[in-house]
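Numbering (the working numbering), first residue to last: 24 to 418.
Here a beta-carbon is modelled for each residue, glycine too, at the ideal position from N, C-alpha and C.
Please read the structure below before turning to the comments.
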């Protein structure tokens, strides 16, 4: 098992599958060697250079003449007369997958999830492949970083667009000296501090008083003691303010907007570490992550993905708890190696080439009576189509 911080020479050793080795023709090796011998950026491909500008735009929806203009930043408030008495577990809520990865880049460090998350074996596997073909292993990061960046818009921009559920992976980094610097959003590579994420959430809620935001801290890496968890949740409460956190003794996962809006509470704080929730949940207003069912399809093509999403939704019977449909393909080693030579070379290209159909799935093919939270990668590449399609299912 690889443990070298820079992913240098010590890597896992097992045979590279023949399905992978046959991709490395002499011509491709020469092409790859030229790319790894110079400092080129592998992460910006395709015709989406202007997509970052979409992050800065306001999303305004025109669903029908009755509701008029519905603003992305305040859609819950604008539609309150329609959705205010619907349990939150039955609302259709736009979300993002790996929400805080927008700052992942080759200039950031590898993160602590690479030491324990099986899906992160893709990194040492690619290092091993580079070694086997005499390629510069220090260049691996330029090829893997685009596969671990799932969003382009900041948290604040996502919330302004109408995203209301954030999927958050947290790594404790040994380089941090304070709670605010050691806990970072991560996906193989460091992105931004969680403190930064929480301040964006607070800013948004200060500006939009009648919106509910769900934070799901469902993957935690490098947390070795109970004190780590306490330090993290205490930091989170300090930044957000205890008055913003929804109290699990006062509200349930299927409370309604109208019920919650009688208070100042606005943030569902889901936390995956069971002992912390059991022992300190009432003190820090924590909900257990198991109360929001998040399935992982783990598919590499859109046909299989759609089939799996339908199976998952149709299996939903308990509406006391939340339910997340993750409409994302999962890159595997085969996809990543292909990406060394051809498109897609990144999650962004994968989304550009495939995800334009997702709004139509949501509008026409998925059972809206079962739908709840729906997340996606690079949701903004097709303008407001994704967010609009999800919210429209409430009407």
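For residue 196, which of 241, 186, 187 and 207 has the nearest alpha-carbon? Just measuring C-alpha positions, the residue of 241, 186, 187 and 207 sitting nearest residue 196 is 207.
Helix, strand or coil for residue 468 per DSSP? Nothing about residue 468 can be reported from this structure: the residues present for the chain run from 24 to 418 only.
Do the segment 254-268 and the segment 126-142 touch if we need at least three Cβ pairs shorter than 8 Å? The answer is no - the segment 126-142 does not touch the segment 254-268, with fewer than three Cβ pairs under 8 Å.
Taking 7 Å as the limit between beta carbons, can you name the residues of its chain near residue 449, skipping five residues before and five after? Nothing about residue 449 can be read from this structure; the chain reaches only from 24 to 418.
For residue 349, list the residues DSSP reports as bridge partners. Residue 349 pairs with 398.
N-terminal and C-terminal residue of the beta strand (DSSP E) that residue 194 is part of: Membership of residue 194 in the beta strand (DSSP E) is indicated by the continuous run 188-195.
Grab the span of the alpha helix (DSSP H) containing residue 238 for me, first residue to last. Counting along the chain, no alpha helix (DSSP H) covers residue 238; the unbroken beta strand (DSSP E) around it starts and ends at 236-244.
Report yes if the C-beta distance between residue 333 and residue 320 is below 8 Å; otherwise report no. Their beta carbons are not under 8 Å apart, which means residue 333 does not touch residue 320 by this criterion.
Can you list, in chain order, the residues of its chain with a C-beta nearer than 6 Å to that of residue 300? Leave out the 5 residues immediately preceding and following it. The beta carbon of residue 300 sits closer than 6 Å to those of 294, 309 and 311, all from its chain and outside the five residues before and after it, given in chain order.
Given 8 Å as the limit, is there contact between the segment 360-373 and the segment 387-398, that is, 3 or more CB pairs closer than that? Segments in contact, no.
Find the nearest neighbour of residue 110 within the set 376, 281, 410 and 409, judged by alpha-carbon distance. Relative to residue 110, the option among 376, 281, 410 and 409 whose CA is nearest is 281.
Alpha carbon to alpha carbon, how far is residue 113 from residue 343? Give it in angstroms, no decimals. Their backbone Cα atoms lie some 9 Å apart in a straight line.
Whose C-beta lies closer than 8 Å to the C-beta of residue 324 among residues of the same chain, with five residues either side of it excluded? For residue 324, where only same-chain residues beyond five positions count, the Cβ hits under 8 Å are 352.
Return the first residue and the last residue of the beta strand (DSSP E) that residue 209 is part of. Start and end: 206-209.
Straight-line CA distance for residue 249 to residue 46? Between residue 249 and residue 46, the alpha-carbon positions lie close to 46 Å from each other.
Looking at residue 239: is its Cβ nearer than 8 Å to the Cβ of residue 158? No, they are not a contact pair.
Host beta strand (DSSP E) of residue 298 (start-end): For residue 298, there is no enclosing beta strand (DSSP E); the residue is part of the alpha helix (DSSP H) that begins and ends at 297-307.
By how many angstroms is the C-alpha of residue 179 removed from the C-alpha of residue 230? Cα to Cα, the separation comes out at about 11 Å.
Would residue 366 pass as a contact of residue 376 if the rule is Cβ separation under 8 Å? Contact annotation: residue 366 and residue 376 have beta-carbon atoms nearer than 8 Å.
Under 8 Å between the Cβ atoms of residue 410 and residue 120? No; because the gap between Cβ atoms is not below 8 Å, this pair is not in contact.
Select from 322, 354 and 349 the residue whose C-alpha is nearest the C-alpha of residue 117. For residue 117, the closest of 322, 354 and 349 by C-alpha to C-alpha distance is 349.
Please state if the CB of residue 124 and the CB of residue 210 are separated by a distance shorter than 8 Å. It is a contact, given that the beta carbons lie within the stated cut-off.
If residue 315 sits next to residue 279, beta carbons under 8 Å apart, how far is it from one beta carbon to the other, in whole angstroms? No, residue 315 and residue 279 are not in contact; Cβ-Cβ is about 16 Å, not under 8 Å.
Please classify residue 313 as buried or exposed, where buried requires at least 16 other C-beta atoms within 10 Å of its C-beta. Exposed, since its Cβ has fewer than 16 Cβ neighbours within 10 Å.
Would you decide whether residue 402 is buried or exposed? Buried here means 16 or more other CB atoms lie within 10 Å of its CB. Residue 402 comes out buried.
Tell me which residues share the same chain as residue 54 and place their Cβ nearer than 8 Å to its Cβ, disregarding the 5 neighbours each side in the sequence. Closer than 8 Å at Cβ, skipping near neighbours: 364.
Counting along the chain, where does the alpha helix (DSSP H) carrying residue 101 start and finish? For residue 101, the enclosing alpha helix (DSSP H) stretches over residues 98-101.
Using beta-carbon positions only, say whether residue 191 and residue 247 come within less than 8 Å of one another. Judged by beta-carbon spacing, residue 247 lies beyond the 8 Å limit of residue 191, meaning their Cβ atoms are not closer than that value.
N- and C-terminal bounds of the alpha helix (DSSP H) containing residue 42: Taken as a continuous stretch (DSSP letters only), the alpha helix (DSSP H) holding residue 42 covers 41-44.
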